[in-house]
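Right, dumping it as structure tokens:
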């Protein structure tokens, strides 16, 4: 096909022209393009529903966010001994916009609550929270302190609790496995 | 033009929840202001409501990188208030465990520090693997992985398990080899050297003026180590000398800590070799303790991060007031002074080299 010479008006109207061309080529087929695309999207949706869930379960990106003691064990969880990446608990992300899971590791003070809330709001949905350790679960030994929120679940929804003071990194591993089961629909809330 | 930027409180390089408000002119820091208090939970007040031996778990959570050191400092304060003598063998075991804790703490510091200055997660993985070996020794001796609570009045919760000496020797040999490997690796890296040498310089006078302690002070060439100058336990019988560097920059602090790991290895070996037989068990918690005789006591200890001073006004069964001089709190105060005029990227080299633990700063 011969390329037509450059024409400014034609260049500006390229979109209209393209859609006219598509419409003309589609008129040969019996089904109209709208119907065809609708069916295609339905099929792909049905296919991708399982696919999205499968990939969501197997690539959980935790947020690099440690508050206190339990953050040491969280670092150990990310190190070579546990090797969490083999099951899809991937590398710790430094920004909440790239993270799926927030592991709240440590005691939550009243001055820290707005910051944690903001981090949670910056994470993209679907987002999950693991309360790691006694302090994040219920306040722990600081129950009587004047500056402590008695568990992160008072301010944000928690998916999995991992208890211990501090829990071993293996326990966090088990907690992640539980979260996977929860996302996959194997266990209910 | 001066721009004000905010770093933290949640930032991958601040080692906790430190917030920095920095005024920068181009890429040069004009003024740096640390904002703290995000982890404050009032330990000193909580301790006043507890019996003496209910408090060690709280003390351990102050400095969660080296919990046993704080635990020991507190128990030593209580012992001093009660006028209890520590058993001979317990003194030797405590010295050895404290040095093991120092090795573990410095290894964790090295991994995170190397992270901050561009050795992205390589050294971190190595040091954590080695720290884990040391932690396993501590777990064997005390029964817990992170929060040990193994100090009792006059001794320890348990004696060393059989065969501990041989395993400790093995671990020490392993760590010694690895420390050499880290030094070779890091000091051959031009990136690491560029970011550490000549950054955050604190000279001798300024270090004394700011009141910093520990490896930060010794990195500025001041010969002060509580283990030597105000000795406790069996440090005077063991052969070691404080490590000094005169440069006062981040590299000097790094070097001091690396040499301290070596010294600690030597101390552990010496302590294992000279350990006397006998009883090391302290009083069980359940018994009513002898009530405190001395009204005001203070104990100073060399923690991995610097000098900790515990000052206690003692009531018979619980402290009336416990005041803690936290080493990292004072070291953090030096940060705004020494980071004046540095580049923005060097802020984290400096904060890493000061070895901050925010749980200790905020208390």
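Protein chains in written order, with our numbering: chain A, 57 to 245; chain B, 4 to 366.
For glycine and all other residues, C-beta sits at the position ideal for the given N, C-alpha and C.
Return the first residue and the last residue of the beta strand (DSSP E) that residue i is part of.
| i | result |
| --- | --- |
| residue 10(B) | 5-10 |
| residue 108(B) | Unbroken run through residue 108(B) is the alpha helix (DSSP H), 91-119; no beta strand (DSSP E). |
| residue 309(B) | 309-317 |
| residue 174(B) | No beta strand (DSSP E) contains residue 174(B), which is instead part of the alpha helix (DSSP H) from 167-190. |
| residue 322(B) | 322-328 |
| residue 50(B) | Segment 46-51 is the alpha helix (DSSP H) holding residue 50(B); no beta strand (DSSP E) there. |
Taking DSSP as the reference, what is the three-state secondary structure of residue i?
| i | result |
| --- | --- |
| residue 301(B) | strand |
| residue 170(A) | helix |
| residue 84(B) | helix |
| residue 216(B) | coil |
| residue 125(B) | helix |
| residue 157(B) | coil |
| residue 197(A) | helix |
| residue 19(B) | coil |
| residue 113(A) | helix |
| residue 145(B) | helix |
| residue 269(B) | helix |
| residue 204(A) | strand |
| residue 94(A) | helix |
| residue 61(B) | helix |
| residue 205(B) | coil |
| residue 389(B) | The requested residue 389(B) is not part of the displayed model; chain B covers only 4 to 366. |
| residue 214(A) | coil |
| residue 26(B) | strand |
| residue 78(B) | helix |
| residue 68(B) | coil |
Comparing the C-beta of residue i with each C-beta of chain A, is any distance below 7 Å?
| i | result |
| --- | --- |
| residue 286(B) | no |
| residue 154(B) | no |
| residue 64(B) | yes |
| residue 43(B) | yes |
| residue 128(B) | yes |
| residue 67(B) | yes |
| residue 147(B) | no |
| residue 37(B) | no |
| residue 228(B) | no |
| residue 1(B) | Past the boundaries of the shown model lies residue 1(B); chain B is included only from 4 to 366, so the question cannot be answered. |
| residue 12(B) | yes |
| residue 131(B) | yes |
| residue 15(B) | yes |
Any beta carbon from chain B within less than 7 Å of residue i's own beta carbon?
| i | result |
| --- | --- |
| residue 149(A) | no |
| residue 204(A) | yes |
| residue 121(A) | yes |
| residue 136(A) | yes |
| residue 109(A) | no |
| residue 117(A) | no |
| residue 222(A) | yes |
| residue 125(A) | yes |
| residue 177(A) | no |
What residues in its chain sit with their C-beta under 7 Å from that of residue i, if we drop five residues either side in the sequence?
| i | result |
| --- | --- |
| residue 89(B) | 82, 157 and 158 |
| residue 155(A) | 117, 118, 119, 149 and 179 |
| residue 256(B) | 218, 219, 222 and 356 |
| residue 294(B) | 319 and 320 |
| residue 144(A) | 114, 115 and 116 |
| residue 191(B) | none |
| residue 227(A) | 218 and 220 |
| residue 169(A) | 205 and 211 |
Going along the chain, which residues of its own chain have a beta-carbon closer than 6 Å to the beta-carbon of residue i, five neighbours each way excluded?
| i | result |
| --- | --- |
| residue 164(A) | 205 and 208 |
| residue 204(B) | 251 and 252 |
| residue 284(B) | 158 |
| residue 60(B) | 152 |
| residue 117(B) | 126 |
Can you list, in chain order, the residues of its chain with a C-beta nearer than 8 Å to that of residue i? Leave out the 5 residues immediately preceding and following it.
| i | result |
| --- | --- |
| residue 196(A) | 163, 189, 190 and 221 |
| residue 262(B) | 246 |
| residue 230(A) | 218 |
| residue 52(B) | 321 |
Output the boundary residues of the alpha helix (DSSP H) element that contains residue i.
| i | result |
| --- | --- |
| residue 31(B) | Here residue 31(B) belongs to no alpha helix (DSSP H); instead the beta strand (DSSP E) covers 31-38. |
| residue 66(A) | 64-68 |
| residue 199(B) | 193-199 |
| residue 364(B) | 361-365 |
Using the beta-carbon count (16 or more within 10 Å), is residue i buried or exposed?
| i | result |
| --- | --- |
| residue 91(A) | exposed |
| residue 107(A) | exposed |
| residue 210(A) | exposed |
| residue 266(B) | buried |
| residue 334(B) | buried |
| residue 238(B) | buried |
| residue 199(A) | exposed |
| residue 110(A) | exposed |
| residue 330(B) | buried |
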